[in-house]
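Accompanying notes for the structure given below.
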Ligand SMILES: Cc1cc2nc3c(=O)[nH]c(=O)nc-3n(C[C@H](O)[C@H](O)[C@H](O)COP(=O)(O)O)c2cc1C
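Residue numbers (this note's numbering): 868 to 1182.
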């Protein structure tokens, strides 16, 4: 039988499989990260970490139903030193992406500088989609404030050493993706990951007549299969506006090998799994690797380059 190649390359970082976890999906503790290292994912991404440990919001802060998930976690993490220490102690067998978040540009700059010293980190994924983390004038998601993003990138690209990627919030208008791309194209960005959870959703328990999560009056970020059409549209649009040297990692609602195929058809070089990893556990990577390989075999493709970015418009 013909060999199917599901390896990929994210701007020079070689992955044995184009599948990895999404930041925040069972990647916070020592055990969770060790399990990811031992899994069949092509890379691992850490929980978004801050300068100091954070407990996060009160429980219940995550809820899932058949087609989606809602969360308002409040960035619980053990702080950058914990993740650097974890990497120093472990034998690393695949690329590691450290996800970074912070309350201010200074905090993020501090974490980037610390990470520069760790040879086991392949790249940094900076989370520009967390609510209320960077002090921008709207006190909202920094990825929605293009002036702050521009200023932020100018600052961090003065001293970065590792490849830098950006985790972006979803955009809902072409002009926003076009304008964001104009900014991103000016900087030596390695990759973007899109999308983060869709902000400000609410899910209701009709019996209790209440929200299902406690923080933020029940409002939270939405993930799972319900968000896939929006995520695919973001990947496809960014693929058309970004410099071809900037790789795209697709994320949002991936549950099957077919979903992965759709992302790569839209221009993604790799994909991340969030809600489905939380639902199904670490074996999701074996299943997805198999489903994706079988689909490629059926379609007579031998590698992802055969169809990456080649989505057709129906005539
Ligand atoms: C419980 C939970 C925690 C998350 N934490 C983070 C995080 O720390 N950093 C981040 O960039 N994204 C975080 N996300 C967003 C996911 O990485 C992903 O972008 C989003 O859930 C969409 O993917 P999915 O539909 O596969 O879940 C989190 C998502 C969930 C469900």
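Backbone N, C-alpha and C fix where the C-beta goes; we use that ideal spot for every residue, glycine too. Note that the structure is predicted; figures quoted are calculated from it, not measured.
Could you tell me whether the Cβ atoms of residue i and residue j are closer together than 8 Å?
{"i": "residue 1088", "j": "residue 1063", "result": "yes"}
{"i": "residue 1171", "j": "residue 885", "result": "yes"}
{"i": "residue 1142", "j": "residue 1091", "result": "yes"}
{"i": "residue 1158", "j": "residue 1136", "result": "no"}
{"i": "residue 907", "j": "residue 1152", "result": "yes"}
{"i": "residue 1095", "j": "residue 1120", "result": "yes"}
{"i": "residue 984", "j": "residue 1048", "result": "no"}
{"i": "residue 988", "j": "residue 1023", "result": "no"}
{"i": "residue 935", "j": "residue 1093", "result": "yes"}
{"i": "residue 1178", "j": "residue 1133", "result": "yes"}
{"i": "residue 931", "j": "residue 1075", "result": "no"}
{"i": "residue 1026", "j": "residue 937", "result": "no"}
{"i": "residue 904", "j": "residue 957", "result": "yes"}
{"i": "residue 1044", "j": "residue 1101", "result": "yes"}
{"i": "residue 1116", "j": "residue 1060", "result": "yes"}
{"i": "residue 893", "j": "residue 1099", "result": "no"}
Who are the near neighbours of residue i in its chain, counting only those whose CB is closer than 6 Å to its CB and skipping five residues on each side?
{"i": "residue 1217", "result": "This structure does not reach residue 1217, given that the chain is present from 868 up to 1182, and the question cannot be answered."}
{"i": "residue 878", "result": "1057, 1058, 1114"}
{"i": "residue 859", "result": "Nothing in the structure corresponds to residue 859, since the chain is present only between 868 and 1182."}
{"i": "residue 1072", "result": "1079"}
{"i": "residue 808", "result": "This structure cannot settle anything about residue 808, because the visible part of the chain is limited to 868 through 1182."}
Please go through the same chain and pick out, in chain order, the residues whose beta-carbon is closer than 8 Å to the beta-carbon of residue i, but skip the five residues on each side of it.
{"i": "residue 916", "result": "944, 945, 946, 947, 949, 950, 965, 966, 967, 968, 978"}
{"i": "residue 921", "result": "941, 942, 943, 944, 946"}
{"i": "residue 1125", "result": "1158, 1162"}
{"i": "residue 1016", "result": "995, 1009, 1010, 1047, 1050"}
{"i": "residue 882", "result": "874, 875, 876, 909, 910, 961, 962, 1137"}
{"i": "residue 918", "result": "946, 947, 969, 974, 977, 978"}
{"i": "residue 1039", "result": "1097"}
{"i": "residue 959", "result": "904, 987"}
Let me check one thing: in DSSP terms, what residues is residue i bridge-paired to?
{"i": "residue 911", "result": "963"}
{"i": "residue 921", "result": "944"}
{"i": "residue 916", "result": "967"}
{"i": "residue 1088", "result": "938"}
{"i": "residue 1138", "result": "886, 1117"}
{"i": "residue 881", "result": "876"}
{"i": "residue 896", "result": "Paired residue(s): none; residue 896 is not in a bridge."}
{"i": "residue 1072", "result": "1077"}
{"i": "residue 1033", "result": "993, 1059"}
{"i": "residue 931", "result": "936"}
{"i": "residue 1065", "result": "1089"}
Go through its chain and collect everything with a Cβ distance to residue i's Cβ below 7 Å, but skip five positions before and after it.
{"i": "residue 887", "result": "908, 909, 910, 911, 912, 1137, 1139"}
{"i": "residue 871", "result": "1160, 1163, 1164, 1169"}
{"i": "residue 902", "result": "1149"}
{"i": "residue 1054", "result": "1020, 1024"}
{"i": "residue 953", "result": "897, 900"}
{"i": "residue 1103", "result": "1133, 1134, 1178"}
{"i": "residue 1174", "result": "1131, 1132, 1168"}
{"i": "residue 1156", "result": "873, 884, 886, 907"}
Three or more C-beta pairs below 8 Å linking the segment 1028-1040 and the segment 975-993 = Segments in contact, yes.
- Could you say if the segment 1122-1131 and the segment 1104-1112 meet the contact criterion of at least three C-beta pairs nearer than 8 Å? Fewer than three beta-carbon pairs drawn from the segment 1122-1131 and the segment 1104-1112 are found closer than 8 Å, and the two stretches are therefore not classed as touching.
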